Every structure is written in structure tokens, then in C-alpha cells.
Amino acid sequence: MVIATVLLSIIGMSAGLVLGSRHEAPQRTGEQTSYVPTEPTVSPVRCPPEMHDTARRVLGHAVELRQVLRVRVEQTGTSVWICADEGGSLYYQANRGGEEKKWIEGETALFLDGVVERDGGYFAKAHDGNTFFVTESRLEVVRKGQMTPYDVAPE
1 MVIATVLLSI
11 IGMSAGLVLG
21 SRHEAPQRTG
31 EQTSYVPTEP
41 TVSPVRCPPE
51 MHDTARRVLG
61 HAVELRQVLR
71 VRVEQTGTSV
81 WICADEGGSL
91 YYQANRGGEE
101 KKWIEGETAL
111 FLDGVVERDG
121 GYFAKAHDGN
131 TFFVTESRLE
141 VVRKGQMTPY
151 DVAPE
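If you use full-length UniProt numbering, the sequence shown corresponds to residues 1 to 155, in order.
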């Protein structure tokens with residue numbers, strides 16, 4: 001009787017193991033997706049209207065310009081924008097006094113097209129040969145071969 005009980009116990013455990021290993025996890029029903037966090041989307045910032053007006057005059061046609069970089073030189077009160085059009089072309093705009101002050105192209109403001117992204121910043125060259133290189137932390141202006149560096153802060 002003891003042997004029969006042991007044999008039946010072994011057979012019962014074996015059957016339980018076999019049946020348990022064949023049992024599948026329950027199937028999901030309906031459309032279930034797992035949450036995947038994404039980077040927050042930021043709406044592009046439109047460049048100032050004065051820059052759009054100047055671009056229209058210089059380029060001969062209207063373009064929609066979106067801000068890529070905007071910094072301020074505290075020493076001079078100048079704001080600098082790097083903006084891009086729909087095709088990816090880059091433009092440089094500087095204005096003494098920022099957006100608040102009057103924009104007079106060639107006096108208080110400077111608009112340049114043909115900006116090139118390089119070395120972690122943006123390079124622009126004016127018709128008179130002066131060059132401008134701007135990053136999130138620095139503006140380098142070269143006039144008549146003399147480089148003047150400025151610390152800048154994002155606006």
C-alpha cells in the first residue's frame with residue numbers, strides 16, 4: 001500500500017509538471033501598445049518681422065524664417081539671430097538693441113545670407129569682407145583682419 005501511494009504520487013506529480021509546462025500565457029486582447037516616452041516637441045519660433053522684411057528686399061522674394069539660434073551680446077546690447085528657411089538655407093541677423101530697438105539695415109542692423117554651419121557654430125561673411133562666427137556662448141567678429149570676441153548668452 002505504501003508503494004502504491006508513492007507510485008501514484010510520482011505519477012500525479014509528473015502529470016502535473018507536463019500539463020503545467022504546456023500551459024501558455026494568456027493572450028492579449030484588443031490593441032494594446034506599450035508607452036514609449038518621446039522627446040517633447042517644440043514649435044519652431046518665427047524670426048522677427050523685420051528680418052522677414054529685410055530678407056524679402058535682399059533676396060527678392062518672401063521666405064518663412066524659423067529661429068535656429070538667438071543670443072545677446074551684453075557688452076553691446078546686440079542680439080544675433082541665425083534663422084533657416086524651408087529649404088534649409090541659413091541667414092544671420094544682428095540688431096543693436098535687440099528686437100526692442102529700431103532696425104535700420106546698414107546702421108543698427110545687419111542681414112547676411114549664405115551662412116554656413118561649421119565647428120559647432122555659424123559662419124557668415126559680409127560684402128565688405130568682415131566675418132561673423134556665432135555659437136551659443138560666443139560671437140567672433142573679424143573686421144579688417146582684427147578679431148574681436150564677445151561672450152553671448154541665449155535669449
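Heads up, the beta-carbon is just placed ideally off N, CA and C, and yes, glycines get one too.
The structure presented is a predicted model; accordingly, all values stated were derived computationally and were not measured.
Asked: Residue from K101, R72, V142 and L112 whose Cα sits closest to the Cα of H52; Found: L112
Asked: Which listed residue (V73, G77 and V68) has its alpha carbon closest to that of A83; Found: Rather than Ala, the amino acid found at residue 83 in this sequence is Cys. Ranking V73, G77 and V68 by Cα distance to C83 puts V68 first.
Asked: T5 (DSSP reduced to helix, strand or coil); Found: Low local confidence applies: a pLDDT of 48 at T5 is under 50, so the model's placement there is unreliable, and no value is given.
Asked: R70 to L90 span [Cα, whole Å]; Found: 13 Å
Asked: Nearest-angstrom Cα separation, counted from E86 out to P149; Found: 31 Å
Asked: Proximal residues to V6 (C-beta, below 7 Å), its chain only, five neighbours per side dropped; Found: Because V6 sits at a pLDDT of 40, beneath the cut-off of 50, its placement in the model cannot be relied upon, and the point is left open.
Asked: CB contact flag (G145, V134, <7 Å); Found: no
Asked: Whole runs of the alpha helix (DSSP H) within the stretch 48–120, excluding any shorter than 4 residues; Found: 49–59
Asked: Cβ neighbours of A109 in the same chain (closer than 8 Å, five flanking residues each side left out); Found: E50, T54, Q93, A94, N95, R96 and W103
Asked: L59 versus V152 - alpha carbon distance; Found: 28 Å
Asked: Inter-residue spacing [alpha-carbon to alpha-carbon] between K101 and S79; Found: 10 Å
Asked: Given R118 as reference, the closest of V73, R66, R56 and F132 once Cα atoms are compared; Found: F132
Asked: Collapsed DSSP secondary structure at K144 in the structure displayed; Found: coil
Asked: The beta strand (DSSP E) enclosing V45, as first and last residue numbers; Found: Where V45 is concerned, there is no enclosing beta strand (DSSP E), given that its DSSP letter is neither H nor E.
Asked: Same chain only: Cβ atoms within 7 Å of V63, ignoring 5 sequence neighbours per side; Found: A55 and D85
Asked: Residues of its chain near N130, where Cβ-Cβ distance is below 6 Å and the 5 sequence neighbours each way are ignored; Found: R143
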